[in-house]
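Position 78, counted from 1, in the sequence shown is what full-length UniProt numbering calls 78; the numbers after and before it change by one each time, with no gaps.
No residue lacks a Cβ here, since even glycine has one placed at the ideal position from N, Cα and C.
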Amino acid sequence: MTRVALAFSGGLDTTVCVPLLEEEYGYDDVIGVTVDVGQPASEFEEAEETAEALGLDHYVVDAKEEFAQLCLDSVRANATYQGYPLGTALARPVIANAILEVAEEQGCTGIAHGCTGKGNDQLRFEAVWRDSDLEVIAPVRELGLTREWEQEYADEKGLPVEGGSGGDWSVDTNLWSRSVEGDELEDPSYVPPKEIYEWTNDPSAETQEIEIAFEKGYPIAVDGVEYDPVDLIEHLNGVAGAYGVGRTDSMEDRMLGLKVRENYEHPAATTLLNAHEALEGLVLTQEEREFKQLIDQRWSKKGYEGLIDAPLVDALEGFVDETQQRVTGTVTIRFEGGQARAVARDSEYAAYSAEHASFDTETVGKIEQEDATGVAKYHGFQRRLANSVTENEDEDTEVELATDGSGENEDE
Ligand code: ARG
1 MTRVALAFSG GLDTTVCVPL LEEEYGYDDV IGVTVDVGQP ASEFEEAEET
51 AEALGLDHYV VDAKEEFAQL CLDSVRANAT YQGYPLGTAL ARPVIANAIL
101 EVAEEQGCTG IAHGCTGKGN DQLRFEAVWR DSDLEVIAPV RELGLTREWE
151 QEYADEKGLP VEGGSGGDWS VDTNLWSRSV EGDELEDPSY VPPKEIYEWT
201 NDPSAETQEI EIAFEKGYPI AVDGVEYDPV DLIEHLNGVA GAYGVGRTDS
251 MEDRMLGLKV RENYEHPAAT TLLNAHEALE GLVLTQEERE FKQLIDQRWS
301 KKGYEGLIDA PLVDALEGFV DETQQRVTGT VTIRFEGGQA RAVARDSEYA
351 AYSAEHASFD TETVGKIEQE DATGVAKYHG FQRRLANSVT ENEDEDTEVE
401 LATDGSGENE DE
């Protein structure tokens with residue numbers, strides 16, 4: 001008997017994959033696996049009901065904690081891709097690994113997903129699965145299926161595909177973000193209707209402040225109450241979402257090169273990312289902050305690609321971890337006008353001296369205001385030199401190097 005494990009959501013794509021894996025790929029048995037990364041309960045009900053109607057053996061794996069931890073790791077790397085905090089992207093390797101584990105336990109020789117050949121998820125799933133000996137199958141892509149064909153096929157076969165989750169948009173929801181795409185939203189000039197949002201209210205005039213505590217770059221408490229990662233994210237999605245925080249409407253460049261219109265909601269992610277960056281601003285040195293942008297950008301790119309287990313990421317993590325040793329303290333965030341803005345920060349590791357920076361002090365320790373005079377004289381020296389050479393070329397007159405006012409230039 002041959003068995004194949006299918007990443008199963010109960011939606012149209014994965015539902016038609018069940019009979020197709022038998023008919024077109026010759027498997028005797030299909031098992032469905034749904035991985036919990038914080039989808040709403042309704043999605044599990046839909047998957048459960050559809051599986052039952054199909055007579056599909058259905059496994060549900062809880063990976064919420066592992067996923068939440070990865071989300072908080074991504075905060076330490078200020079991870080976003082074109083403004084999107086990577087909810088879908090970071091979830092994929094977690095889901096893929098959980099399905100692979102079930103597939104191996106259940107003696108499967110094949111493993112399948114319902115992704116199309118246009119998106120990122122096919123790449124992210126397969127990057128994990130192709131490390132194994134299982135046959136990797138992508139029926140929708142390989143058989144060139146369209147939604148229309150799938151609907152007809154489902155009707156013909158009497159498959160249970162009563163579009164449960166409502167709307168014509170394609171939605172992907174987990175703890176970290178909710179993504180909405182497709183249908184009219186594919187027109188970049190179309191203004192999204194209110195109905196696409198489920199996590200965020202429209203911004204109002206109301207405001208609220210909360211204090212987030214970080215330890216070594218990880219958020220651990222809100223207003224003095226400690227939360228574990230899953231609860232922290234869920235709590236902040238609720239609080240910040242009420243103020244309309246964390247909406248993104250962007251043209252996203254997918255890995256294949258396609259540009260797609262994407263809408264996202266991610267209140268907790270926006271809140272935590274803003275707070276974390278504000279705390280880094282207080283404790284990291286200028287050169288650490290500057291260099292870390294490069295590290296963060298690379299981390300984000302690997303996250304977007306679903307390659308978070310690449311050796312490069314381990315190396316980047318080394319840098320991130322080293323810098324995060326001092327990212328301990330608190331940040332006050334104000335929700336206002338749909339924004340989550342840092343309005344105060346505090347840390348015992350602040351690389352900041354009010355005494356030195358203040359307008360009100362003349363001399364601190366051995367440093368006096370007039371010590372800056374020499375620096376000011378040199379600042380922009382090369383530019384002064386280079387500009388004076390070209391200016392003189394233009395005007396064809398004597399070169400004057402006015403750094404010290406002497407006008408001497410040895411080259412002329
Ligand atoms: N474009 C995003 C990504 O690749 C999210 C896509 C989510 N899928 C969806 N059906 N809404 O990470």
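How about residue 413 and I111: are their beta carbons less than 8 Å apart?
Residue 413 cannot be examined here, being either before or after the span of the chain that is shown, 1 to 412.
According to DSSP, which residues form a beta bridge with S250?
Answer by DSSP bridge pairing, in chain order: E262.
Alpha helix (DSSP H) containing R92: first to last residue?
87-105 is the span of the alpha helix (DSSP H), which, as asked, contains R92.
The alpha helix (DSSP H) with H235 in it runs from where to where?
229-241 is the span of the alpha helix (DSSP H), which, as asked, contains H235.
Quick one, which of L56, F67, Y197, G158 has its alpha-carbon nearest I308's?
For the residues L56, F67, Y197, G158, the minimum Cα distance to I308 belongs to F67.
So, T285 versus A372, is the Cβ gap smaller than 8 Å?
Not closer than 8 Å, so no.
Alpha carbon to alpha carbon, how far is V30 from L21?
C-alpha separation (whole angstroms): 7 Å.
Please classify V16 as buried or exposed, where buried requires at least 16 other C-beta atoms within 10 Å of its C-beta.
Buried, because 16 or more other Cβ atoms sit within 10 Å of the Cβ of V16.
Less than 8 Å separating the beta-carbons of L294 and T80?
The answer is no: Cβ separation not under 8 Å.
Can you tell me where the alpha helix (DSSP H) with Y304 in it begins and where it stops?
First-last of the alpha helix (DSSP H) with Y304: 286-305.
Does the Cβ-Cβ distance between S250 and Q369 come in under 8 Å?
Taking 8 Å as the Cβ cut-off, S250 and Q369 do not qualify as a contacting pair.
At a threshold of 7 Å, does N120 count as lining the ligand ARG (C-beta to nearest heavy atom)?
N120: yes, Cβ under 7 Å from the ligand ARG.
Answer yes or no: do A342 and V327 have a C-beta to C-beta separation smaller than 8 Å?
Not a contact, by the Cβ cut-off of 8 Å.
Pick helix, strand or coil for T270, following the three-state DSSP scheme.
DSSP places T270 in helix when its eight states are reduced to three.
When the Cα of E322 is compared with those of E288, G303, R345, G329, which residue comes out closest?
Among E288, G303, R345, G329, the Cα nearest to that of E322 belongs to E288.
So the alpha helix (DSSP H) A68 belongs to, where does it begin and stop?
Here the alpha helix (DSSP H) through A68 covers 64-76.
Using a Cβ-Cβ cut-off of 6 Å (strictly less than) and excluding sequence neighbours within five positions of E211, which residues of its own chain qualify?
So the list reads D223, T330, T332, once near-sequence residues are dropped.
Would you list, in sequence order, the uninterrupted alpha helix (DSSP H) runs of no fewer than 4 residues that lie entirely inside the segment 360-391?
Listed in chain order, they are 372-378.
Could you tell me the alpha carbon to alpha carbon distance between T207 and E226, rounded to whole angstroms?
Their Cα atoms are separated by approximately 23 Å.
Along the chain, where does the alpha helix (DSSP H) containing A47 start, and where does it finish?
A47 -> alpha helix (DSSP H) spans 41-54.
CB-CB under 6 Å to R178, same chain, minus the five flanking residues each way: which ones, in chain order?
The residues are W199, E265.
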